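Asks: For the numbering used here, count along the sequence shown from 1 and bump the result up by 575.
Please find one structure pasted underneath; my questions will follow.
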Amino acid sequence: MISRVFLGLALAAMLAMDGTPQPGSTKPPAWILGNMVEISGGTFAMGSESPEANDSEKPVHSVTVKSFRLDRTEVTVQAYAECVRAGACREPDAYRNQPGNYHAFCNWKHPEKRLLHPINCVNFQQASAFCSWAHKRLPTEEEWEYAARGGSEGRTYPWGNEKPDQSRLNACGKECSDNLAAKRFLRWEPLYQTSDGWPETSPVGSFPAGASKHGVLDLAGNVWEWTASEFARYDGSHAEKKYVLRGGSWGGGDARTERTTNRFRLVPDSNAQFLGFRCAQDSGSDQGGANQSPPTGTQPSENATTGP
Ligand SMILES: [Ca+2]
């Protein structure tokens, strides 16, 4: 009996050492629970009727949002790996068995160890699962736009109304256009002719000059961000079984896609290399930890065999 108990304990220890997911056994670390910005609620004019606006952004209408918290940065590979290790998230397996080279753009298990880059190639369910594990949720698109526009300030871009350039965001500049062409991917016109230094995704928060009024980073560029909202036209005339994404991406070659009011939409199982997310939380709910910054290390946990 004793040896059987011992064997059982040893086996359990081996499983843990092996990094086998133990569902519900690993609490999110404080740096994942925190890292949020408090945004006071209010009323704002949602949408745009500027010449650059698409029909989906019209008409402008008044929306009131309650106070909430929003992640300061997009969710990183490092944070997502903690969730996978806890058994609460699935590995992103985008394009693994498909022809072409799309998988090379996915940051999970990337040869460059992109731990501080945003997790990408995740679908709506994977994004939702991560936020739920972190005691958070995806932001609604109303909350997202309110935050990006600086509350009622009505900003065209998170930083203000100046046109995007290589100092403000990670979009598709010359570096990206050249990289895509070199990888025999589709070449498209860059948004700016200079290099922003990042041909694909960049580590989150690499563009402090592009911060929003509240200090939220990368609300334009880097990766499109899933929201909790199903797409519907603002006049209510048409709904689709698609979810709204906001904020443009590293592949953006058109400044219009990086505007705070622009709406992208995809079916929930989409998991392309341009897609990521950040989480939100009701204001006043227990944040579960101090508002700690994420670690700056670039190595995953030692026993994270399922790590990135
Ligand atoms: Ca770039």
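Don't be surprised by glycine CBs; every beta carbon is placed ideally from N, CA and C.
Please read all numbers here as calculations on a predicted model, not as lab measurements.
Taking 9 Å as the cut-off, decide whether the C-beta atoms of I607 and E718 are in contact.
Replies: Residue 607 sits at position 32 when you count from the first residue of the sequence shown. Residue 718 sits at position 143 when you count from the first residue of the sequence shown. Their beta carbons are not under 9 Å apart, which means I607 does not touch E718 by this criterion.
Asks: Taking all protein chains shown into account, do 16 or more other C-beta atoms lie within 10 angstroms of the C-beta of P783, making it buried, or fewer, making it exposed?
Replies: For this step, residue 783 is matched to residue 208 along the sequence shown. Exposed is the call here.
Asks: Cβ-heavy atom distance between P774 and ligand 1 below 8 Å?
Replies: The residue labelled residue 774 in the question sits at position 199 within the sequence shown. Correct: P774 has its Cβ closer than 8 Å to ligand 1.
Asks: Tell me the DSSP secondary structure of L794 in three-state form.
Replies: The count along the sequence shown starts at 1 and reaches residue 794 at position 219. Note: L794 maps to coil in three-state DSSP.
Asks: Pull up the distance between the alpha-carbon of D740 and that of A704, whole angstroms please.
Replies: For the purposes of this step, residue 740 is taken as the residue at position 165 of the sequence shown. For the purposes of this step, residue 704 is taken as the residue at position 129 of the sequence shown. Their backbone Cα atoms lie some 34 Å apart in a straight line.
Asks: How would you write the range of the beta strand (DSSP E) that S860 sits in, first residue to last?
Replies: Counting from one through the sequence shown, the residue named residue 860 turns up at place 285. Segment: none, S860 is in no beta strand (DSSP E) and carries neither H nor E.
Asks: Who are the near neighbours of W708 in its chain, counting only those whose CB is closer than 7 Å to its CB and skipping five residues on each side?
Replies: Taking the sequence shown and counting its residues from 1, the one referred to as residue 708 is at position 133. Same-chain partners within the cutoff: P603, C658, A661, A663 and C664.
Asks: CA-CA distance, R743 and S812?
Replies: Taking the first residue of the sequence shown as position 1, residue 743 is located at position 168. Taking the first residue of the sequence shown as position 1, residue 812 is located at position 237. About 36 Å.
Asks: What does S637 pair with, by DSSP beta-bridge criteria?
Replies: Here residue 637 is taken as the residue at index 62 of the sequence shown, counted from 1. S637 pairs with A620.
Asks: Bridge partners for R821 per DSSP, in chain order?
Replies: Along the sequence shown, read from residue 1 onward, the residue named residue 821 stands at position 246. DSSP lists E800 as partners of R821.
Asks: For A702, collect the residues of the same chain with a Cβ closer than 7 Å to its Cβ; drop the 5 residues on either side in sequence, then sort them by chain order.
Replies: Start at 1 with the first residue of the sequence shown, and residue 702 comes out as number 127. The answer, listed in chain order, is L713, W801 and F852.
Asks: With distances taken from CA atoms, which of Y655, V640, R644 and V650 is nearest T601?
Replies: The residue labelled residue 601 in the question sits at position 26 within the sequence shown. Per the Cα distances, Y655.
Asks: Quickly, what does DSSP pair F852 with across the bridge? List them, please.
Replies: Here the question's residue 852 lines up with position 277 in the sequence shown. F852 is not bridged to any residue.
Asks: What does DSSP give as the partner residues of L645 in its beta bridges?
Replies: For the purposes of this step, residue 645 is taken as residue 70 along the sequence shown, with counting starting at 1. V612 and A855, per the DSSP bridge assignment.
Asks: Might you give, ordered along the chain, the residues of its own chain that have their beta carbon closer than 7 Å to the beta carbon of P530, omitting 5 neighbours on each side?
Replies: In the structure as shown, the chain starts at 576 and stops at 883, and residue 530 therefore has no counterpart that could be examined.
Asks: Whole-angstrom Cβ separation of D810 and P634, contact assumed at under 8 Å?
Replies: For the purposes of this step, residue 810 is identified with residue 235 of the sequence shown, where counting begins at 1. For the purposes of this step, residue 634 is identified with residue 59 of the sequence shown, where counting begins at 1. Right, their Cβ atoms sit about 6 Å apart.
Asks: Counting along the chain, where does the beta strand (DSSP E) carrying F839 start and finish?
Replies: Position 264 of the sequence shown, counting from 1, holds the residue named residue 839. That run of the beta strand (DSSP E) goes F839 to L841.
Asks: Is S777 near ligand 1, in the sense that its beta carbon is under 8 Å from a heavy atom of that ligand?
Replies: What you label residue 777 is simply residue 202 of the sequence shown in a count that begins at 1. Answer for S777: yes, Cβ within range of ligand 1.
Asks: Buried or exposed: Q768, going by 16 or more other Cβ atoms within 10 Å of its Cβ?
Replies: Taking the sequence shown and counting its residues from 1, one reaches residue 768 at position 193. Flag for Q768 reads exposed.
Asks: Within its chain, find whatever has a CB closer than 7 Å to the CB of A620; leave out the 5 residues flanking it on each side and keep chain order.
Replies: For this step, residue 620 is matched to residue 45 along the sequence shown. V635, S637 and G729.
Asks: Quick check on G726: does DSSP put it in helix, strand or coil?
Replies: Taking the first residue of the sequence shown as 1, we reach residue 726 at position 151. In this structure, G726 counts as helix in the three-state DSSP scheme.
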